[in-house]
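Take a look at the structure set out below.
Okay, structure coming up:
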């Protein structure tokens, strides 16, 4: 189910070409992107105001939405030909997501939330095993790196503070070393001090896991820590459309 | 996909266990009601059908066949008229007739019917699949003031052989006229049969005559009091009885004998075949049974509708959870399964709890129901008919569970990874 990418060594984490997406019942396209590449291991800050189509773009990269034209490839795999369950599995195998808020399944413990990708993805389980460790040990390692103490891991996600929830979400995105981590405004619910701390942890862990990071935010102040800064308006010729 | 959505389903249900439990209970109550009605129906029929066997004809004064069967065999309702002893003797003398068991009703003992009959009763009365009456203690009545009590009567009042009992006038639960000047002595206690015999006190026809020797028109003759020791001097041969059970030498003759009795010249008589008359009774009762079943089925439908409503109502606030699952790699199909499994589990748990509830109720209420109304409710494994009902409920529950699944599926396609708050 995880066919080797065509050019494994140099395949970019994300490549968009001649991409066009129009929401159903919308008259004008929301996204028109000629060419965008996120190199493997690269950390990019994607900047754009609310409603500029950032979440739509992430849904396209995640393969949850289908573009009307153009192609999306992740880790060398063009998503278009992947159908149904195979695309969902590909997403589970290759992409870790962190959202703005409410990242966690409220009725699972923090530990079970972190382990969830390993339940969905055999490839992530295999990578954990390949690194000579177990999912449980990997949870403990990530939790330690992200300042989550052991007792906290057993508590239901709904009882954690927002900052703790975001760190649990980061651990969940990183477990099993997916080649791409997508973070959608993950710090907007945190105060300034915690924003910096969370960003440090996320960047460090992505480096350690050699994962590419696509960090989306409307807050340009965070951009300086990244390899590259891209404004969505620069690459999106559709501009100014809702969503 | 071998990922166990089941795990998530279970945790999600645990998280909302109070709502889940209440939903399960409402489904369980509905299922217990439906199965209970079905079991009552089944057991009532079985009970009625097994009350009398081996009797070819029941004879009484002319009335309705169902009415005759009900008062003579099941002790439900009262006779409108009696049969003269001459006619009984005449019937017994018919060439095809093997035996006749006379039955005289009209008196009671502390709410239980007193049945005047002959010792042939113990010999020829059959119930179930041809079981005869057996004595738990003692023997049949021999003397005028001897009595044999049914198992239920003996158990209720703790009666033993040798005890004396008073017979009351009239068949009602409470009687104000007692034949207390002529007590009966218990000579036998019958083993339990699960038929109205258990709730009967059996005495000889002569005994019935004896206690009424100084009575006229349902009341004691004023100023006349004939003591028990003197009553033997009177003619105690029966003048009339309420009904009679008739056995034939050959069943082939049953319609001929029935016609002979129905066209009896001396008085209007009615002879019925117990089995055929029971069928007639079912025809009357069936309408009520169906209505009862339909109402219970509606209650189940309401329960399942509540289940679907609860799961769908929770779906609104779970849209972001579905979006997260999608982002983590769940397919829309898995999201569908998550919600469908939740509803299906609630439905299944409701059915299982319903069976348990019914069994518990039968164990607790069953003995009382049998004692008070003679309705034997069988505890135990569901009957084939109940399995069919249960299967239908489960099928509907599974179908209903597709509704939340389908809505979740639509949500997850429409929302994608957009987290709606």
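Residue numbers (full-length UniProt numbering), protein chains in the order written: chain A, 1 to 243; chain B, 1 to 421. Just so you know, even glycine gets a beta-carbon here, dropped at the ideal spot from N, CA and C. What you are looking at is a predicted structure, and each value in this text was computed from that prediction instead of being measured.
Flagged as an interface residue toward chain B: residue 103 of chain A, by a C-beta distance shorter than 8 Å. DSSP, reduced to helix, strand and coil, places residue 99 of chain B within a strand of the structure shown. Counting every other CB atom within 10 Å of its CB across the protein chains shown gives residue 250 of chain B a total below 16, marking it as exposed. At least 8 Å separates the beta-carbon of residue 100 of chain B from that of residue 197 of chain B. Within chain B, the C-beta atoms nearer than 8 Å to that of residue 121 of chain A come from 329, in chain order. Within chain A, no residue has its beta carbon less than 7 Å from that of residue 342 of chain B; the closest one is some 12 Å off. Contact check between the segment 217-236 of chain A and the segment 129-136 of chain A: fewer than three CB pairs, one atom from each, fall below 8 Å, which does not count as touching. Contact between residue 158 of chain A and residue 117 of chain A is absent: CB atoms are separated by about 20 Å, not below the 8 Å threshold. Within the same chain, Cβ atoms closer than 6 Å to the Cβ of residue 69 of chain A are found at 20, the five residues on either side in sequence being excluded. If one requires a minimum length of 4 residues, no alpha helix (DSSP H) run lies completely within the segment 7-51 of chain A.
Collapsing the DSSP output to three states places residue 198 of chain A in a helix. The contact set of residue 117 of chain A on chain B, defined by CB atoms closer than 8 Å, consists of 328 and 329 in chain order.
Among the CB atoms of chain A, none fall inside 8 Å of the CB of residue 158 of chain B.
With fewer than 16 neighbouring CB atoms inside 10 Å of its own CB, residue 298 of chain B falls in the exposed class. Every alpha helix (DSSP H) of 4 residues or more that sits fully in the segment 298-348 of chain B is shown, in chain order, as 319-327. For residue 11 of chain A, same chain residues with a beta-carbon under 7 Å away, outside a window of 5 residues either side, are 5, 40, 75 and 76 in chain order. Where residue 415 of chain B is concerned, the enclosing alpha helix (DSSP H) starts and stops at 384-415.
Within the same chain, and ignoring the five residues on either side of residue 284 of chain B in sequence, the residues whose Cβ sits closer than 8 Å to its Cβ are 66. The DSSP assignment places complete alpha helix (DSSP H) segments of no fewer than 4 residues inside the segment 99-134 of chain B at 120-124, in order along the chain. A distance of 8 Å or more separates the beta carbons of residue 189 of chain B and residue 253 of chain B. The three-state secondary structure of residue 54 of chain B, taken from DSSP, is coil. Taking C-alpha positions only, residue 59 of chain B is separated from residue 159 of chain B by approximately 32 Å. The way I'd put it, the segment 266-285 of chain B doesn't touch the segment 121-131 of chain B; fewer than three beta-carbon pairs between them come closer than 8 Å. Among the CB atoms of chain A, one or more fall inside 8 Å of the CB of residue 12 of chain B. Any Cβ of chain A closer than 8 Å to the Cβ of residue 337 of chain B would place that residue at the interface, and such an atom is absent. At the C-beta level, residue 179 of chain A and residue 26 of chain A stay beyond 8 Å of one another. By the beta-carbon neighbour count (other beta carbons within 10 angstroms, threshold 16), residue 413 of chain B is exposed. Not a single C-beta of chain A is nearer than 8 Å to the C-beta of residue 312 of chain B. For a cut-off of 8 Å, the C-beta gap from residue 204 of chain B to residue 266 of chain B is around 25 Å, too long to register as a contact. Against residue 320 of chain B, the close residues of chain A are 102, in the order they occur along the chain (beta-carbon pairs closer than 8 Å). Within the same chain, 377 come within 8 Å of residue 365 of chain B by CB-CB distance, once the 5 residues on both sides are set aside. For residue 333 of chain B, the nearest beta carbon of chain A is closer than 8 Å to its own beta carbon. A contact is defined here as three or more CB-CB pairs under 8 Å, and the segment 221-228 of chain B fails this definition with respect to the segment 87-96 of chain B.
Boundaries for residue 93 of chain A: no beta strand (DSSP E) harbours it, while the alpha helix (DSSP H) harbouring it runs 84-94, taken from the DSSP string.
For the 8 Å CB-CB criterion, residue 36 of chain B and residue 361 of chain B form a contact. The C-beta of residue 21 of chain A comes no closer than 8 Å to any C-beta of chain B.
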